[in-house]
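Worksheet: one structure, shown below.
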């Protein structure tokens, strides 16, 4: 299975947070490939700058490779796919992650139950 981690799931994995469920941990361990979107780093950078997130963005960047994950850049095809998504969720970062998952295809692992309405590719943990 090929996974795309949403921003929270990735941060929780890096921080070894108790918020990361056993089910999520097992999905990550069992996956053939695990991707982290550059959009997640962008989102974290913005939230750190606004004081809404306490994280070391440089560590988040280095831990992509350090964890054996693969960086997924935001491509033009991903951005264009957002246009076709229904207005289920308004957060632009969540929408681009859904579009990436649908385009590649990848299973998007998230704690946000609202995103499951987009596709069977979204797995809520």
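Residue numbers (the working numbering): 4 to 128. We treat Cβ as the ideally placed atom computed from N, Cα and C, and that holds for glycine.
Helix, strand or coil: which one does DSSP assign to residue i?
i, result
"residue 24", "coil"
"residue 67", "helix"
"residue 97", "helix"
When the Cα atoms are used, what is the spatial distance from residue i to residue j?
i, j, result
"residue 57", "residue 44", "13 angstroms"
"residue 52", "residue 17", "19 angstroms"
"residue 127", "residue 15", "15 angstroms"
"residue 82", "residue 41", "13 angstroms"
"residue 73", "residue 35", "11 angstroms"
Please report the Cβ distance between residue i and residue j, rounded to the nearest whole angstrom; I am assuming they are in contact, meaning their Cβ atoms lie under 8 angstroms.
i, j, result
"residue 30", "residue 63", "The pair is not a contact, with the Cβ atoms about 20 angstroms apart (cut-off 8 angstroms)."
"residue 27", "residue 112", "6 angstroms"
Name, in chain order, the residues that DSSP records as bridge partners for residue i.
i, result
"residue 39", "8 and 74"
"residue 111", "7 and 125"
For residue i, count the other beta carbons within 10 Å of its own beta carbon; 16 or more makes it buried, fewer makes it exposed. Which is it?
i, result
"residue 116", "exposed"
"residue 86", "exposed"
"residue 93", "exposed"
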